[in-house]
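Residue numbers (the numbering used here), protein chains in the order written: chain L, 2 to 113; chain Y, 49 to 162. First the structure, in the form of structure tokens, and then the observations on it.
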Amino acid sequence: GESVGLHLPTLSVQEGDNSIINCAYSNSASDYFIWYKQESGKGPQFIIDIRSNMDKRQGQRVTVLLNKTVKHLSLQIAATQPGDSAVYFCAQRTTGRRALTFGSGTRLQVQP
Amino acid sequence: DGGITQSPKYLFRKEGQNVTLSCEQNLNHDAMYWYRQDPGQGLRLIYYSQIVNDFQKGDIAEGYSVSREKKESFPLTVTSAQKNPTAFYLCASSISLAINTEAFFGQGTRLTVV
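What follows is the structure in structure tokens.
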């Protein structure tokens, strides 16, 4: 079945360090992936997406890596800032099921 | 401003009552979704709609109902059949179910059964 899970429930980093948040998925038919950021009491905000025909995509301070061989997705945040503290979700979409499936989330805590 | 508006932000319900959560979007999106989020957990899909007058059950549809009479609106009713309705409810929309683009989320409604 479809599932999206995360390796680490909580990640604590020092301000200025790089952060890496990991995500595993199980459905090889997944063709589109998104990372969302959710602050407490708010709706998720889009960070970056990647299609299955790519293995890397970069945004402003963020990079998403996709390894289809091992069904693994990661989000890298450069020079992590206090404002990056939030819960991060990966989500996937598969052919035949167009609504997004979400993982359980990773809480990123940025220490000053 | 274009976006998704959910109301109310907080909602209290007595056991045995039905309540309706509002979701309106002015993004001209065809697809709309409802997700449920429990503390410390991810989002689970309740219902989704790809076009007016059409909607599909998600993974946890039991105890919920929806309608899609207008493109802009996708209200969710939490019925008395939902045994554990206390949760954070999130509405989202995207351009189309047929296109791989991101879904935009509202700010959520926190429902509490008292």
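A virtual CB, placed ideally from N, CA and C, is assigned to each residue, including glycine.
| task | Note down, in chain order, every chain Y residue with its Cβ under 7 Å from the Cβ of A100 of chain L. | result | Y81, L93, Y96, G106
| task | Confirm, please, whether the CB-CB distance from L101 of chain L to A151 of chain Y is below 7 Å. | result | yes
| request: Using a Cβ cut-off of 8 Å, pull out every chain C residue sitting near G51 of chain Y, in sequence order please. | output: Absent from the structure: chain C. Protein chains present are L and Y.
| Whose Cβ in chain Y lies nearer than 8 Å to the Cβ of Y33 of chain L? | N148
| request: Return no unless some Cβ of chain L is closer than 7 Å to the Cβ of L138 of chain Y. | output: yes
| Does any C-beta atom of chain L lie closer than 7 Å to the C-beta of A135 of chain Y? | no
| query | G2 of chain L CB to nearest chain Y CB: under 7 Å? | reply | Residue placement at G2 of chain L is flagged as unreliable, the pLDDT there being 40, under the threshold of 50; a coordinate-derived value is accordingly withheld.
| Rounded C-alpha distance that separates P20 of chain Y from Y137 of chain Y | Nothing about residue 20 of chain Y can be reported from this structure: the residues present for chain Y run from 49 to 162 only.
| task | Please determine, among L:A87, L:P83, L:V88, the residue with the shortest C-alpha to C-alpha distance to Q112 of chain L. | result | L:P83
| message | Tell me the residue span of the beta strand (DSSP E) that contains A129 of chain Y. | response | Taken as a continuous stretch (DSSP letters only), A129 of chain Y belongs to no beta strand (DSSP E), as it is neither H nor E.
| So is A146 of chain Y buried or exposed if we call it buried at 16+ other beta carbons inside 10 Å? | exposed
| said: Between A140 of chain Y and Q85 of chain Y, how many whole angstroms is the CB-CB distance? I'm expecting something under 8 Å. | reply: Between Q85 of chain Y and A140 of chain Y the Cβ distance is about 12 Å, and since that is not below 8 Å, they are no contact.
| field | Coil, strand or helix - D85 of chain L by DSSP | value | helix
| query | Counting only beta-carbon atoms, is F153 of chain Y nearer than 7 Å to chain L? | reply | yes
| task | Could you name the residues of the same chain whose beta carbon sits closer than 7 Å to that of I78 of chain L, not counting the 5 residues immediately before and after it, in chain order? | result | N19, S20, R62, V63, D85
| said: Less than 8 Å between C-beta atoms, sequence neighbours within five positions excluded: which residues of the same chain meet that for A109 of chain Y? | reply: I94, Y95
| field | Opposing strand residues paired with D50 of chain L [DSSP bridges] | value | L:I35
| task | Return the CA-CA distance between L9 of chain L and S29 of chain L, expressed in angstroms with no decimal places. | result | Residue placement at L9 of chain L cannot be trusted, given a pLDDT of 48 that sits under 50; what the coordinates show is reported in the next sentence. L9 of chain L and S29 of chain L: Cα-Cα distance of roughly 22 Å.
| Proximity test, Cβ basis, 7 Å: Q89 of chain Y and chain L | yes
| field | Residues that DSSP places opposite V111 of chain L in a beta bridge | value | L:V14
| request: Using the Cα positions of L75 of chain Y and I143 of chain Y, report the straight-line distance between them to the nearest angstrom. | output: 8 Å
| query | What did DSSP end up calling F122 of chain Y once you bin it into helix, strand or coil? | reply | coil
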